[in-house]
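Please read the structure below before turning to the comments.
2 protein chains.
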Amino acid sequence: MNINNTFKDMLKEKGYKLTTQRRAVLDVLQNHIGDHLTTEEIYQYVKLQCPEIGLATVYRTVQLLEELKIIDRLTFDDGCNRYELGTFGEDHHHHHLICDFCGQIFEVEEDLMDAIEIQVEKKYKFQVTNHKVKFYGICHQCHAKKHPTS
Amino acid sequence: MNINNTFKDMLKEKGYKLTTQRRAVLDVLQNHIGDHLTTEEIYQYVKLQCPEIGLATVYRTVQLLEELKIIDRLTFDDGCNRYELGTFGEDHHHHHLICDFCGQIFEVEEDLMDAIEIQVEKKYKFQVTNHKVKFYGICHQCHAKKHPTS
DNA sequence: TATTAAAATGATTCTTACTATCAATTGACA
DNA sequence: TGTCAATTGATAGTAAGAATCATTTTAATA
Ligand SMILES: [Mn+2]
Ligand SMILES: [Mn+2]
Ligand SMILES: [Zn+2]
Ligand SMILES: [Zn+2]
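Protein sequence lines correspond, in order, to chains A and B. Residues 993 to 1142 (our numbering) are what the first sequence spells out, left to right. Residues 993 to 1142 (our numbering) are what the second sequence spells out, left to right.
Next up, the structure:
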């Protein structure tokens, strides 16, 4: 399944149109896999290829891409939304580790939530379709700095 | 372990003072267990008992209580922070179910994250001290409305 | 290809959750 | 009770993001 081939179809299905601005924003996200970009950061990158684009359009496009489940919205409690390319069709989400000391963000490749979701669905009769999971703690580097000899 | 008895001690340990405003804000949170109050909502409630309090003080107090791990900060992506009384000492967190259709929030009493955290700690050498977990999906009521006969 | 209606854009203003500032007040300790 | 640092309330300021609207562009049709 390729995002680029179906992007126009996904838009058409909802009555939306494919514009150069929308392509340019999606391109930025595709060229920054592993990053967690703010809307302002996306705006700065997209202006390099599409200098006439307005910030409002980036805000609108990023909301559209989230609605289409092409990208995921994240928040690391710094007051602004961040975005990353979603897994697009796979029911596999990755999680984030947030170091309380250095603020670095690490990716957890594994999902590992299936068993929990089954328990939740059974007990609470709630059909889970998505989840957002953040782990807070101490990263390897920071732990080494605090305990140099261990 | 009682919050009220140790609140003053927890403050003193960090050089903070116990004020009537701080007590009043904590009282509001204690009297609204199960709710997820915004700072503005806390302000409205606390004014009933403490009419002279300023909004800025509520913002400051709520940050202080979070720093002391007495309350937890939540966000349901509506643009403002929400707070609830923490479990205070117990290593037991509850999660939240968010219905995509009616917007209702449900509480998951069980933590269920221990096994996952052990896997994460082992593979990523990241010492997990906290987590925030949200499940999105369809609640029981909304599912019944969409499938009346099943 | 030209026509056309609806959707999208960019510039701008507006909203609002939250922060910073500061003079006045209060709490903890001696 | 007196001292002084911490705290408060009023107010102004900040910034992410939403709303507005005249102009432009897209995609379907002829
Ligand atoms: Mn990520
Ligand atoms: Mn809760
Ligand atoms: Zn670290
Ligand atoms: Zn519902």
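Virtual Cβ for every residue (Gly too), placed ideally from N, Cα, C. It should be emphasised that the depicted structure is a prediction, and the values quoted were computed from it without experimental measurement.
Residue i: contacting residues in chain B (beta-carbon distance under 8 Å)
i                       : result
residue 1139 of chain A : Correct list: empty, because the minimum Cβ distance to chain B is about 11 Å.
residue 1135 of chain A : 1117, 1119
Chain A contact for residue i (CB, 7 Å cutoff)
i                       : result
residue 1119 of chain B : yes
residue 1090 of chain B : no
residue 1054 of chain B : no
residue 1100 of chain B : yes
Closer than 7 Å at the beta carbon, the chain A residues around residue i
i                       : result
residue 1124 of chain B : 1126
Selection from the options that minimises the alpha carbon distance to residue i
i                       : options                        : result
residue 1061 of chain A : A:1111, A:1137, A:998          : A:998
residue 1057 of chain B : B:1011, B:1139, B:1133         : B:1011
residue 1008 of chain B : B:1140, B:1101, B:1059, B:1039 : B:1059
residue 1104 of chain B : A:1102, A:1103, A:1112, A:1101 : A:1112
residue 1093 of chain A : A:1138, A:1117, A:1032         : A:1138
residue 1035 of chain A : A:1021, A:1119, A:1132         : A:1021
residue 1133 of chain B : A:1118, A:1140, A:1032         : A:1118
residue 1055 of chain B : B:1102, B:1017, B:1001, B:1115 : B:1017
residue 1115 of chain B : A:1120, A:1114, A:1089         : A:1089
residue 1079 of chain B : B:1015, B:1063, B:1028, B:1044 : B:1063
residue 1042 of chain B : B:1015, B:1075, B:1023         : B:1015
Chain B contact residues for residue i, given Cβ-Cβ distances below 7 Å
i                       : result
residue 1131 of chain A : 1118
residue 1104 of chain A : 1108, 1111
Beta carbon proximity, residue i to chain B, threshold 7 Å
i                       : result
residue 1110 of chain A : no
residue 1017 of chain A : no
residue 1066 of chain A : no
Any non-hydrogen atom of ligand 2 within 6 Å of residue i CB
i                       : result
residue 1076 of chain B : yes
residue 1099 of chain B : yes
heavy atom of ligand 3 below 6 Å from residue i C-beta
i                       : result
residue 1036 of chain A : no
residue 1013 of chain B : no
residue 1119 of chain B : no
residue 1096 of chain A : yes
Chain-ordered chain B contacts of residue i [CB-CB under 9 Å]
i                       : result
residue 1093 of chain A : Simply none; closest approach about 11 Å.
Proximity test, residue i beta-carbon vs ligand 4 heavy atom, cut-off 6 Å
i                       : result
residue 1093 of chain B : yes
residue 1133 of chain B : yes
- Message: Measuring CB atoms only, is the stretch 1065 to 1082 of chain A touching the stretch 1097 to 1113 of chain B, in the sense that at least three cross pairs come out at less than 8 Å?
- Response: When Cβ pairs closer than 8 Å are counted between the two stretches, the stretch 1065 to 1082 of chain A is seen not to touch the stretch 1097 to 1113 of chain B, the count staying below three.
- Item | Three or more C-beta pairs below 8 Å linking the stretch 1122 to 1141 of chain B and the stretch 1122 to 1137 of chain A | Counting Cβ pairs under 8 Å, three or more are found: they touch.
- Segment contact flag, the stretch 1037 to 1056 of chain A with the stretch 1100 to 1113 of chain A, C-beta cutoff 8 Å, min 3 pairs: Output reads no: the stretch 1100 to 1113 of chain A does not touch the stretch 1037 to 1056 of chain A.
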